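Enquirer: Count along the sequence shown from 1, then add 1; that gives the number in this note's numbering.
Note that CB positions come from ideal geometry on N, CA and C, so glycine has one too.
Bear in mind that the values here come from a model prediction, so they are computed numbers and not experimental data.
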Amino acid sequence: MEVMRASEFWDDQAAEFDEAPDHGLRDAAVRDAWAAFLLPLLPPPPARVADLGCGTGTLTVLMARAGHLVSGLDFAPRMVALAPGRRSQQPTTRPTSWSVMRRPRRGSPGPSTWC
Ligand SMILES: C[S@@+](CC[C@H](N)C(=O)[O-])C[C@H]1O[C@@H](n2cnc3c(N)ncnc32)[C@H](O)[C@@H]1O
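1. Which first and last residues belong to the beta strand (DSSP E) in which Thr57 is found?
2. Considering only residues of the same chain and omitting the five flanking positions on each side of Ala34, which have a CB-CB separation below 8 Å?
3. Tell me the DSSP secondary structure of Ser72 in three-state form.
4. Sort out for me which residues DSSP pairs Arg49 with in a bridge.
5. Any chance the segment 68-84 sits against the segment 15-24, with 3 or more Cβ pairs inside 8 Å?
6. From the DSSP output, which residues share a beta bridge with Thr97?
7. Using C-beta distances below 6 Å, list every residue in its chain close to Leu53, excluding the 5 sequence neighbours before and after it, in chain order.
8. Please state whether DSSP places Ala28 in a helix, a strand or coil.
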């Protein structure tokens, strides 16, 4: 799938993405299960973590709430635009940031162009 079309696919999912129980993690039991799976894989907090493909920021905030310093990156602008709202739903004192990755320019060395 071409890069631009893939990001559009995810942008089209953005409005409903968090409705799925395994995405928005609004249910405490599901959220706790994700925390039990993911957090032991990380170094002890506070670690600097890049959440690649952060989407709407669910796991970014989960990791920040555990004391990590997390930067979320994603190529779908509409997904990323929803991420700051997640932080206000689940407050954390840890700084988080979200950025939209740019599409690589024609002739650039590869898909490692970041904003
Ligand atoms: C299944 S969603 C997961 C979102 C989030 N990590 C979560 O667990 O809720 C996949 C996300 O990865 C992003 N993504 C997929 N391939 C990507 C790529 N090559 N570069 C940047 N983002 C990508 C999509 O835009 C989408 O937001």
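Expert: In short:
1. Unbroken run through Thr57: none, as it is neither H nor E.
2. none
3. strand
4. Arg49 is bridged to Leu70.
5. yes
6. Val71
7. Leu74
8. Correcting the residue identity first, residue 28 is Asp in this sequence and not Ala. Three-state result, Asp28: coil.
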